[in-house]
Amino acid sequence: MRALRAALLSVLFVLGTFAASGSASLIDGGEIHQSPEPVVMWYSSGGDEVLTLDGEGVFMALRWNGGAYQVTRAVDLNVTVNAARLDVDAGLLAVGHSSGALILDLDTDQITQDISLPDPVDDLDWDDDGDLWVVHNGG
């Protein structure tokens with residue numbers, strides 16, 4: 692019985708040692724931006740700007756300033772988002788929703804196309820020519 696207890700304590704000691712050394716190498720990740728809605732799309736170009744789109748259709752551009760992210764612009768698309776795809780080269784964001792899809796121009800923050808469809812858009816993607824393809828699953 693003593694041998695089992697000694698072996699168990701030894702295993703716990705070894706596991707505790709690894710856990711302590713692993714947490715010592717962690718660094719502070721900085722500020723956290725919390726949104727009331729889950730984020731559907733998140734993009735960072737590697738600079739100080741982050742683009743997000745939440746489930747309620749609110750697009751935000753956040754810029755790192757003074758140790759925290761600040762909202763530099765926001766657009767409420769007034770849709771419940773099913774899917775989103777970003778075309779970085781063209782500066783366009785495609786958003787699929789329950790009655791179609793829309794395209795947001797990221798330079799002007801204007802909706803350039805509003806596509807109405809009879810079925811909800813489940814996913815979408817840009818092809819190499821810059822055309823938008825939408826997917827909706829049949830019943």
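Reading the sequence shown from the start, the letters are residues 692 to 830 in the working numbering. The beta-carbon is built from N, C-alpha and C at its ideal position, and this holds for glycine as well.
C-beta atoms of D798 and G782 nearer than 8 Å: yes
DSSP three-state assignment for A781, whether helix, strand or coil: coil
Contact between the region 755-762 and the region 785-799 (3+ Cβ pairs under 8 Å): no
Contacting residues, own chain, Cβ-Cβ under 8 Å from N778 (five flanking each side not counted): For clarity, residue 778 is Asp in the given sequence; the question names Asn instead. L784, A785, W817, G821, listed in sequence order.
Buried or exposed by the 16-neighbour rule on C-beta atoms within 10 Å, applied to V825: buried
Check whether V772 and G791 have beta carbons under 8 Å apart: no
Contact under 8 Å by Cβ, V731 with A775: yes
Proximity to P811 [Cα-Cα], best of Y734, H827, F750: H827
Bounding residues of the beta strand (DSSP E) (the contiguous stretch that carries E740): 740-745
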